[in-house]
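J.: Encoded as structure tokens, here's the structure I'll be asking about.
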Amino acid sequence: MKNRLGIVLLLILLVVAFTACSTDQTTDETEESFIAVEIEVLQRSQLYIENNFTGRAYPGNDAYVLPTLIAEVEEVYVSVGDLVDKDDVLFKLDKSNIQNQVDQANAAYQSALANLAMTTEQI
């Protein structure tokens, strides 16, 4: 029994000696990390979004204006980009040139009638 008591005392002494002489000193220091932030007061404002697109626009229908006679334009009633409907007057032509052309056409007609009359007499 004395041996047992001596062994237990020796073990307790060794445990106390080893724990007291331990060089590992643990500290409960925890390193805190900080993140820098900026704080602003919210304000109500307008949100502006702009989108730019490039492309080409083509008309649904093309209409070509071809003159049946040659004359100078006296007045223009529409401008580029205006919308027009069917039978809208776009411009006014100078009548003096048109009258000259009508007179020439009438003279050619009268000449053709005279040629027809001569030809029918010869037949």
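Here my numbering is used: the first residue of the sequence shown is 1087, the next is one more, and so on.
Beta carbons: idealized from backbone N, C-alpha and C, even for Gly.
On a predicted model such as this, the values are computed, not experimentally measured, just so you know.
Tell me the residue span of the alpha helix (DSSP H) that contains Val1188.
T.: Note, Val1188: alpha helix (DSSP H), Lys1181 to Gln1208.
J.: My parser needs the beta strand (DSSP E) runs of 3 or more residues fully inside the segment 1088-1176; what are they?
T.: The qualifying runs are 1159-1162.
J.: Look at the alpha carbon of Thr1140 and the alpha carbon of Ile1184, and state the distance between them as a whole number of angstroms.
T.: About 46 Å.
J.: Alpha carbon to alpha carbon, how far is Pro1145 from Ile1135?
T.: Each residue's Cα considered, the two are about 29 Å apart.
J.: How about Glu1158 and Asp1180: are their beta carbons less than 7 Å apart?
T.: For Glu1158 and Asp1180, yes; Cβs fall inside 7 Å.
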